[in-house]
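Structure first, commentary second.
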Amino acid sequence: MPTKKSSKPAIKQIKPSGKTDENFFSWVYDVARQIPKGRVTSYGAIAASLGAKSSARMVGWAMNGAQKLKPKVPAHRVVNRNGMLSGKMHFDTPDAMEKLLAKEGIKVKNDQVVDFEKHFWDPAIEL
DNA sequence: GCATTGACGAAGG
DNA sequence: CCCTTCGCCAATG
Numbered sequence: 001m002p003t004k005k006s007s008k009p010a011i012k013q014i015k016p017s018g019k020t021d022e023n024f025f026s027w028v029y030d031v032a033r034q035i036p037k038g039r040v041t042s043y044g045a046i047a048a049s050l051g052a053k054s055s056a057r058m059v060g061w062a063m064n065g066a067q068k069l070k071p072k073v074p075a076h077r078v079v080n081r082n083g084m085l086s087g088k089m090h091f092d093t094p095d096a097m098e099k100l101l102a103k104e105g106i107k108v109k110n111d112q113v114v115d116f117e118k119h120f121w122d123p124a125i126e127l
């Protein structure tokens, strides 16, 4: 039943222009979606698992579109190396990230994840 | 087309 | 120990 029209290409289209090598970006989204509930990881860890540990910034930039992506990417589970919610301000509301984390059992204090190491999830190892 | 910025990270002073 | 600088690469002005 090949009635499958070529529609809905997994992941892509970060930009309506259709530019951008979605390779790197897509990988980031893919990994981010695989983050177990109640766990967090860092931008650098994701970048490193992709073979671009130096491009942690790109991971963060990728997250910028992650919120609108479908299915949405749990960007709230991704924080910086210090466990700080550096990207909370980029959500719909500054409280969204903190709230989502708290909902999954992760405590956030002063924009920082409590017991970050304990909740840390390394895609390069676990994946 | 060049300059600045950015949800980071590691290294240097 | 805190602050500054560099690297990374793409988007935006």
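Here the first sequence stands for residues 1 to 127, numbered as in this note's numbering. Virtual Cβ for every residue (Gly too), placed ideally from N, Cα, C.
With a cut-off of 8 Å on the beta carbons, I'd call H119 and V28 a contact; round off their distance for me.
To locate residue 119, count along the first sequence from 1; it is residue 119. To locate residue 28, count along the first sequence from 1; it is residue 28. About 20 Å separates the two Cβ atoms, so there is no contact after all.
Buried versus exposed, by CB contacts within 10 Å (16 or more), I125
Reading the first sequence from its first residue, position 125 is the one you call residue 125. Looking at its Cβ environment, which holds fewer than 16 other Cβ atoms inside 10 Å, I125 is exposed.
Buried/exposed call for S54, threshold 16 Cβ in 10 Å:
Residue mapping note: residue 54 aligns to position 54 of the first sequence, counting from 1. It counts as exposed.
Pick out the complete alpha helix (DSSP H) segments inside the segment 12–95, 4 residues or longer, and give them in chain order.
22–33, 43–50 and 56–66
So, at 7 Å on beta carbons, what are the nonlocal neighbours of D111 in its own chain, with the 5 sequence-adjacent residues on each side left out?
The sequence position of residue 111 within the first sequence is 111, counting from 1. Counting only Cβ-Cβ distances below 7 Å, and skipping sequence neighbours, we find M84, L85 and K88.
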